[in-house]
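Everything on this sheet refers to the single structure shown next.
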Amino acid sequence: MEAVKGTISEIAGMKMRKLLLQIVSFIMIVVSALMIWKSCMVLTFCESPIVVVLSGSMEPSFARGDILFLTNFDQDYTPGDIVVYTQGSYEIPIVHRLITVQEIEKDGEAYLLTKGDNNNVDDRGLYDNNLTYLNKKHILGKIRAVAPYVGILTILLNDYPYLKYTVIGGMLIMVLVAKDPQS
Amino acid sequence: MHSLKNRFSAICFFTLICMACLSLFNWGTAVIQRKPIDADFSLNKMSKFGVHPYLNEDFAQFKFNLQSDLTGVFDWNTYDLFAFLTVEYESNDGRKTEVTVWDDIILRKNTKQHKIDYKNMQVEYLLSDKNKELRGKTVQVYFNVDHMPVVGFTQKQRVHVGNFTLPEEYLASYSAKRY
Amino acid sequence: MEEFLQTQYRKIDEIDFEGQKKVDFLFRTILITATVIAAIIGYVLQDMTIATYIVLGAAGIAFLVTGFAWSPYKSHQLKFLDPISDDK
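Chains A, B and C are the protein sequences, given in the same order. If you're matching positions, the first sequence starts at 1 in full-length UniProt numbering and goes up one per residue. If you're matching positions, the second sequence starts at 1 in full-length UniProt numbering and goes up one per residue. If you're matching positions, the third sequence starts at 1 in full-length UniProt numbering and goes up one per residue.
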């Protein structure tokens, strides 16, 4: 009887350890992904160095589902740069092109006007009520490179939220239930 | 590699690596062979020059001629070219202003559009100055082209195509009703 | 029903070690040659779409040829020793 109880507690203890090992490996994967993201942020001086194109206002150059790479170490803006900015009450960052740059002080603050390639008018309608130009402080970064179609998964997950829940739920189940190859 | 899932995921990720190498080759061979652009510009007529009734700024609108042959600039990495005309000048105390007055998207598929030949084209956006210093100013005109790639880095090219001087006095006064 | 699905899945799932070597070599050669061919053809024709389709087509071929457990990959089965009886 004692031997049986002993083996049962031993097995239960081992299962607990295995479960904890699985949880810790999962946390390590998540944390290393976060580390890579944060190092990208440090290298590019930018808060979100990779964005997915969500709207069609820059077609045909950038279609929905492309990913864009941003940097922010060069604060020198000229017309034709594609910038990502947020301002005022509109929280989603917008990816549009600069069409006018007027310096307020030499190499300092500047007035900037943006417009999407596919739109007919400039963005003054999107700015807050008393803003006719943007300033450099509104800008998150400049677009340097594009990779087409890589962000289609993000678009699908955004458009169909049930898909998002199934994918995350499925991944969690796979991590917890998968056979440990070392066992 | 023993199970189905292992093999499928190995093939998927190797395909991703191959596509990344192909994209690098695509961008690399195109960027080392980029040809410079060239254009001819002339000012045709200053159509409007005054104070904007809503923005309280100087503004000017003009008509121009522009010729350029962009056939050699396209390669297999260019998806389209964003061509635009900028007007640049310095204020009286050395601050730069650069304004886009006209732009156009030229797709690689439309080969007829590759040769630009515009006569008497009206500018799309106003040349405006917040400090109202446009009277009598000599401005430089640049023709710029932004390569929008299929994959890879974007690249801007620009060439100086001319300059003109704005009139010493406003052409008319524009009230809100008439504008 | 459950048993039937399990046995069918095992038929396309398991391959032996010699098969693993062959599968490794095969899908890598298929994809690398396809990438090189796609790069050359794309550069000559100046068309990225054709190059992409060549690589994706080769990935599909690799899926079919190496993804499932065909019989050439199962020909060198491991020989297990005969079971020996317990001492107890």
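No residue lacks a Cβ here, since even glycine has one placed at the ideal position from N, Cα and C.
Check residue i in the structure and name its three-state DSSP category.
i              : result
residue 73(C)  : helix
residue 114(A) : strand
residue 84(C)  : coil
residue 79(C)  : coil
residue 77(A)  : coil
residue 41(B)  : strand
residue 46(C)  : coil
residue 31(B)  : helix
residue 7(B)   : helix
residue 130(A) : coil
residue 26(B)  : helix
residue 103(A) : strand
residue 20(B)  : helix
residue 33(A)  : helix
residue 39(A)  : helix
residue 60(B)  : strand
residue 26(A)  : helix
residue 66(C)  : helix
residue 174(A) : helix
Could you compute how far the alpha carbon of residue i sits from the alpha carbon of residue j?
i              : j              : result
residue 156(B) : residue 144(A) : 11 Å
residue 136(B) : residue 128(A) : 34 Å
residue 184(A) : residue 61(B)  : Residue numbering for chain A in the displayed model covers 1 to 183; residue 184(A) lies beyond these limits and cannot be assessed.
residue 58(A)  : residue 106(A) : 31 Å
residue 154(A) : residue 65(A)  : 7 Å
residue 52(C)  : residue 156(A) : 22 Å
residue 159(A) : residue 54(A)  : 10 Å
residue 70(A)  : residue 103(B) : 23 Å
residue 1(C)   : residue 27(B)  : 53 Å
residue 74(C)  : residue 23(C)  : 11 Å
residue 78(A)  : residue 110(A) : 11 Å
residue 179(B) : residue 130(A) : Low confidence applies here, because residue 179(B) scores a pLDDT of 49, under 50, leaving its location unreliable; read the following figure in that light. One C-alpha to the other measures close to 22 Å.
residue 87(A)  : residue 91(B)  : 28 Å
residue 56(B)  : residue 102(A) : 15 Å
residue 172(B) : residue 49(B)  : 7 Å
residue 118(B) : residue 105(B) : 14 Å
residue 119(A) : residue 52(A)  : 19 Å
residue 9(A)   : residue 18(B)  : 51 Å
residue 54(C)  : residue 33(C)  : 10 Å
residue 140(A) : residue 45(A)  : 9 Å
residue 142(B) : residue 41(B)  : 9 Å
residue 38(A)  : residue 147(B) : 30 Å
Mind checking if residue i is an interface residue toward chain A, Cβ cutoff 8 Å exclusive?
i              : result
residue 179(B) : Summary for residue 179(B): the model assigns pLDDT 49, below 50, so the residue's position carries little reliability; its value from the coordinates is reported in the next sentence. No, residue 179(B) does not count as interfacial toward chain A.
residue 4(B)   : no
residue 28(B)  : no
residue 154(B) : yes
residue 149(B) : yes
residue 99(B)  : yes
Taking Cβ positions only, does residue i come closer than 8 Å to chain B?
i              : result
residue 5(C)   : no
residue 86(C)  : no
residue 102(A) : yes
residue 117(A) : yes
residue 67(C)  : yes
residue 18(C)  : no
residue 2(C)   : no
residue 144(A) : yes
residue 33(C)  : no
residue 53(C)  : no
residue 106(A) : yes
residue 42(C)  : yes
residue 33(A)  : no
Check whether chain C comes within 8 Å of residue i, counting only Cβ atoms and requiring the distance to be less than that.
i              : result
residue 32(B)  : no
residue 114(B) : no
residue 159(B) : no
residue 11(B)  : yes
residue 19(B)  : yes
residue 71(B)  : no
residue 191(B) : Any question about residue 191(B) goes unanswered here, given that chain B covers just 1 to 179.
Counting along the chain, where does the alpha helix (DSSP H) carrying residue i start and finish?
i              : result
residue 13(C)  : 2-13
residue 159(A) : 152-159
Check for me: the beta strand (DSSP E) holding residue i runs from which residue to which?
i              : result
residue 148(A) : From DSSP, residue 148(A) is part of no beta strand (DSSP E); its letter is neither H nor E.
residue 83(B)  : 78-90
residue 116(B) : 115-122
residue 99(B)  : 96-107
residue 64(A)  : Unbroken run through residue 64(A): none, as it is neither H nor E.
residue 138(B) : 138-149
residue 52(A)  : 50-52
residue 121(A) : That residue, residue 121(A), is in no beta strand (DSSP E); it is neither H nor E in DSSP.
Check the C-beta distance from residue i over to residue j and give it rounded, since I have them as a contact under 8 Å.
i              : j             : result
residue 144(B) : residue 80(A) : 5 Å
residue 15(C)  : residue 62(C) : Not really, about 15 Å apart at Cβ, beyond 8 Å.
With a cut-off of 8 Å, does the C-beta of residue i fall near any C-beta of chain E?
i             : result
residue 22(B) : Absent from the structure is chain E; the protein chains it does hold are A, B and C.
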